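One structure below.
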Amino acid sequence: MHCRFGFLRVLVRLGCCAALALGLAFFAHGQQATAAGEAPAGQAATVPATAPEKAPVAPTAATAAPDAGGIKEEELKQLLVGKALYLRGSYLDNTLSFDEHGRLIGHAAQGSYTLCAMEIDKVRLTRHKVTLEGARYGLHFLGQLAIEDQSSAFDRVKITPKKKVVKITIDREIVVKPKKEKAAGKQKGKKAGAPAPEPAELSEAEQLKASIAATPEAERSADPNTVTTTTSPEHASHVLKDAIDKVFAQGLDERMIAAMPDFWKLYYQAVADKADYRPRDATILRQSAVDQKAALLTRFEPGSNEFAQTKGVAGMALYHTVVGADGKASEIAVGRPIGFGLDENAVAAIRKASFQPAVKDGKPVPVLLDLVVQFRIFDKRTDVAKPAEAADKPAEPVLPGPYSLPPQ
1 MHCRFGFLRV LVRLGCCAAL ALGLAFFAHG QQATAAGEAP AGQAATVPAT APEKAPVAPT
61 AATAAPDAGG IKEEELKQLL VGKALYLRGS YLDNTLSFDE HGRLIGHAAQ GSYTLCAMEI
121 DKVRLTRHKV TLEGARYGLH FLGQLAIEDQ SSAFDRVKIT PKKKVVKITI DREIVVKPKK
181 EKAAGKQKGK KAGAPAPEPA ELSEAEQLKA SIAATPEAER SADPNTVTTT TSPEHASHVL
241 KDAIDKVFAQ GLDERMIAAM PDFWKLYYQA VADKADYRPR DATILRQSAV DQKAALLTRF
301 EPGSNEFAQT KGVAGMALYH TVVGADGKAS EIAVGRPIGF GLDENAVAAI RKASFQPAVK
361 DGKPVPVLLD LVVQFRIFDK RTDVAKPAEA ADKPAEPVLP GPYSLPPQ
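Sequence positions in the sequence shown follow the working numbering and run 1 to 408.
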């Protein structure tokens, strides 16, 4: 009897342990289901709530970044600052504005390219334009003929006064957001409770108008009516670089020389050929080949200018002149330039002068005449005219330096 009750107690204990084991197994299964996102039997699954991510706000036409055109201010500085540039068009005004294609806005006085060397000091890039500040330089030639070494043919002399700057602006093409295409098959009717419709998209013209309105007046394009838009930053960058190339020349390139007057073209043609000037008409005679030489009849001295007077630019220059049978100068070529805009004054004076034509076999004939012209600094003591001198052979004068005065 005692043994039977002892056996029953063992069975009860085993039953309790089994029940306990079954309960632990069921609890563990519930935990795994919860971790996997599944609710255990009889219990609703709960997922921890997370804050919805905010959709990025697209920049509007008025708030777009200034470098939306794809080009950076630093890139423009590397391209322009400290470089020996020339202002195409030979504009003399100290405040110039160009449209996005490099065309001058308004009017500006024009002069010699020898007064239009530039050096840029500051670059400021905004959404609507690029603003450049720098100084103007004059070229003072040091006496070389076209056939001589041109590596040190002239000095660059700063002519912009202290505390003054040359300010140039170039408008930019504006980058706008492309218009989104409507989704195909979109239902016309809206169900109740649907989200509010998105605001209507602005057209490119409307984006441009909004951008101009949101921009301070000082930073707006010089001529908003000519500004165009694009959806491509790369295209806007290309347009700006092309405009800069139309405003500035990196040295005296072919386009720069092609825009010069004929008397400068002939000079640079001789420089390229490394040969003396020859008239285009091969039948033109030299002074040594005629019976009676051509001679200058009128007395003249070409005018100077404020830049040359201020910087003390003086000396002599040589000009090759074809004197026709009528006693008038026709083709003129710079032989030994002086620069600072004085060569233009000399050529204008030569064209107005009268000459005695050369004679051969009793008839007047066209001939090549070399003229040496002197430029001086004028004051109360030296304001006396001196005629140009004709020479059978180019003289070899000792030219004063760019800042020296002629002997008194």
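The beta-carbon is built from N, C-alpha and C at its ideal position, and this holds for glycine as well.
All values derive from a computational prediction rather than experimental measurement.
The stretch 254-267 and the stretch 209-219 do not touch, with fewer than three beta-carbon pairs separated by less than 8 Å. Listed in chain order, the alpha helix (DSSP H) runs fully inside the stretch 234-316 are 254-258, 262-273, 306-311, counting runs of at least 4 residues. Under a 10 Å Cβ-count criterion, T95 is classified as exposed, with fewer than 16 other Cβ atoms of the shown protein chains found around its own Cβ. Taking C-alpha positions only, L296 is separated from R351 by approximately 12 Å. Of the residues assessed, T226 falls on the exposed side of the cut-off, its CB having fewer than 16 other CB atoms within 10 angstroms. Put simply, the stretch 245-254 touches the stretch 73-93. At least three CB pairs are less than 8 Å apart.
Of the other Cβ atoms in all chains shown, fewer than 16 fall within 10 Å of the Cβ of A205; this residue is therefore exposed. If you look at E119, you'll find it isn't in any alpha helix (DSSP H); it sits in the beta strand (DSSP E) that goes 117-125. Per DSSP, reduced to three states, the secondary structure at I168 is strand. The C-alpha of I147 is placed about 28 Å away from the C-alpha of F355. The continuous beta strand (DSSP E) containing L85 extends over residues 85-87. Looking at the DSSP output, H107 shares a beta bridge with no other residue. When DSSP reads this structure, S97 sits in a beta bridge with T169. Among the bridge pairs identified by DSSP, E133 is matched with K122, K167. With a threshold of 16 other beta carbon atoms within 10 Å, K129 meets it and is buried.
Between G339 and I332, the alpha-carbon positions lie close to 16 Å from each other. Here DSSP, grouped into helix, strand and coil, assigns Q144 to coil. Assigned with DSSP and collapsed to three states, S354 falls in coil, not helix or strand. Under DSSP, H320 takes part in a beta bridge, and its partners are A333, D370. Separation of P364 and P357 (C-alpha to C-alpha, rounded to the nearest whole angstrom) is 6 Å.
Residue environment: P161 is assigned as exposed (fewer than 16 neighbouring CB atoms within 10 Å of its CB, all protein chains considered).
Under DSSP, R156 shares a beta bridge with L139. From the listed residues V313, R255, A294, the smallest Cα separation to H320 is found for A294.
Per the coordinates, the alpha-carbon of Q309 lies some 16 Å from the alpha-carbon of S112. Note that the C-beta distance between V322 and P279 is below 7 Å.
For the pair S221 and G70, the CB atoms are not nearer than the 7 Å cut-off.
Counting only the Cα atoms, K360 lies some 45 Å from A117.
Scanning its chain for C-beta atoms nearer than 8 Å, with the 5 sequence neighbours on each side dropped, one finds around L104 the residues G89, Y91, L96, S97, F98, in chain order. The shortest C-alpha to C-alpha distance from A329 to any of V313, R299, G134, A348 is the one to A348.
Spanning the alpha carbons of T114 and S288 requires a straight line of approximately 34 Å. Its chain contains L139, H140, L142, P402 as the residues whose beta carbon lies nearer than 8 Å to that of D155, once the 5 sequence neighbours on both sides are disregarded; these appear in chain order. Between V157 and G134 the beta-carbon gap is near 15 Å, outside 8 Å, which marks them as no contact.
Under the criterion of beta carbons closer than 8 Å, R286 and L368 qualify as touching, at roughly 5 Å. Selection K241, G303, E100, A314 evaluated against D171 yields E100 as nearest (Cα-Cα).
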